[in-house]
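Engineer:
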Amino acid sequence: MNFADVVARLGMYRECPPLPTVVGYEVVGKVIKITEGVEHVKEGDRVVAFTIFGGYATHVNTDARAVVKISDAYDTGKALALAVQYCTAFYASHVAINLYEGDKVLIQAAAGGVGTALVQLCKLKGCKIYGTAGSAEKIEYLKNLGVDYPINYREKDFDTEIKEKLDVVFDSIGGKTFKKGLKLLDFGGRMVSFGAASQLEANNFFQKVKFGLSFGFYHPVVFIMNSRTLAGVNMLKIGKHKPEVLQYCMQSVVKLAEEGKIDPHVGAMYPIDQLNQAHASLETRATIGKIGVFWK
Numbered sequence: 022m023n024f025a026d027v028v029a030r031l032g033m034y035r036e037c038p039p040l041p042t043v044v045g046y047e048v049v050g051k052v053i054k055i056t057e058g059v060e061h062v063k064e065g066d067r068v069v070a071f072t073i074f075g076g077y078a079t080h081v082n083t084d085a086r087a088v089v090k091i092s093d094a095y096d097t098g099k100a101l102a103l104a105v106q107y108c109t110a111f112y113a114s115h116v117a118i119n120l121y122e123g124d125k126v127l128i129q130a131a132a133g134g135v136g137t138a139l140v141q142l143c144k145l146k147g148c149k150i151y152g153t154a155g156s157a158e159k160i161e162y163l164k165n166l167g168v169d170y171p172i173n174y175r176e177k178d179f180d181t182e183i184k185e186k187l188d189v190v191f192d193s194i195g196g197k198t199f200k201k202g203l204k205l206l207d208f209g210g211r212m213v214s215f216g217a218a219s220q221l222e223a224n225n226f227f228q229k230v231k232f233g234l235s236f237g238f239y240h241p242v243v244f245i246m247n248s249r250t251l252a253g254v255n256m257l258k259i260g261k262h263k264p265e266v267l268q269y270c271m272q273s274v275v276k277l278a279e280e281g282k283i284d285p286h287v288g289a290m291y292p293i294d295q296l297n298q299a300h301a302s303l304e305t306r307a308t309i310g311k312i313g314v315f316w317k
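My numbering puts the first residue of the sequence shown at 22, with every later residue one more than the last.
1) In whole angstroms, what is the alpha-carbon distance linking I283 and Q141?
2) Alpha carbon to alpha carbon, what distance is there between E57 and T378?
3) Is the distance from the Cβ of V49 to the Cβ of V28 below 8 Å?
4) Could I get the ranges of all uninterrupted alpha helix (DSSP H) runs contained in the segment 178-265, with 4 residues as the minimum, in chain order?
5) With DSSP collapsed to three states, give me the class of L166.
6) Start and end of the beta strand (DSSP E) containing R67?
7) For I396, I'd like the list of residues in its chain whose CB is within less than 7 Å of its CB, leaving aside the five on either flank, ordered along the chain.
8) Let's see if you can read the secondary structure: which residues bound the alpha helix (DSSP H) around T137?
9) For the beta strand (DSSP E) that A113 lies in, which residues bound it at each end?
10) Since V48 is in the beta strand (DSSP E), which residue starts that stretch and which ends it?
11) So what's I172 in DSSP terms, helix, strand or just coil?
12) Any idea what DSSP makes of K125, helix, strand or coil?
13) Closest to N2 by CA distance: which of I128, I312, Q220 is it?
14) Using the three-state DSSP reduction, which class does N99 fall into: helix, strand or coil?
15) Determine the extent of the beta strand (DSSP E) in which V89 is found, giving its start and end residues.
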């Protein structure tokens, strides 16, 4: 499960088919049928797959390039995290931009699924990491994860706590948080935006307009003069229009996982009849790492 599932359920995800529909972007299971020409997996293989909607089901059809074989012994919850969250993090940090040893990096919502993945990938590159989270429990989690400077955003403003310019900001919150993060970028800095979780606070038309305006307005010349980069990440679009890039990301994260270089954290796995509880935990930001649902 991913935060995008909540956004889709609330009717706020413009890519989602009209409700009622079947959402869900990732599955782990067995291949029961392949089409002619598919050689990297076979019937009976255990796989992790990226699905463009339709994941909340016992059976799903997806592009073969979005399917990667995974060991039978690999934990299901961890495998689920690889499809969307780790692919998003990998694309954001290895495709959309480059990371370099010593980069000073800020990761918003660092205790979430994508946040956890970004922390681990940035650590592999030797980055100095600032990470935000909203509870004492999550701050402790970030310390154990290896974040150099965890910041509780409910108690402190990250833009005043960080006393130096940053090379990279990974933002999944949007609005004012995006604007503050952009101001922290050094010359040559990279801003990577892959979500707008704070939009859930906008409950009517006027609040939605206010939220949109809160990002700020930026002229391209400002980015040119400061050699800064703004990169957007939408893995749904990549899956639809650049499936070979998605395949590269999925193969890369599965390889890193099998080598033990990354290790997804599973916060909870819910039986399908507790799907509403799983959504509630995501919507209230009570989760740490990955959560998922399973059929008994």
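Even for Gly, the Cβ is constructed at its ideal location relative to N, Cα and C.
Structural biologist: Let me lay it out:
1) 6 Å
2) Past the boundaries of the shown model lies residue 378; the chain is included only from 22 to 317, so the question cannot be answered.
3) no
4) 179-182, 196-204, 226-234, 241-246, 256-262
5) helix
6) 67-71
7) Any property of residue 396 remains undetermined from this structure, which presents the chain solely from 22 to 317.
8) 134-145
9) Element bounds for A113: n/a, residue is neither H nor E.
10) 47-51
11) strand
12) strand
13) Nothing in the structure corresponds to residue 2, since the chain is present only between 22 and 317.
14) In the sequence as presented, Asn is not what sits at residue 99; that position holds Lys. Correct three-state label for K99: helix.
15) 88-90
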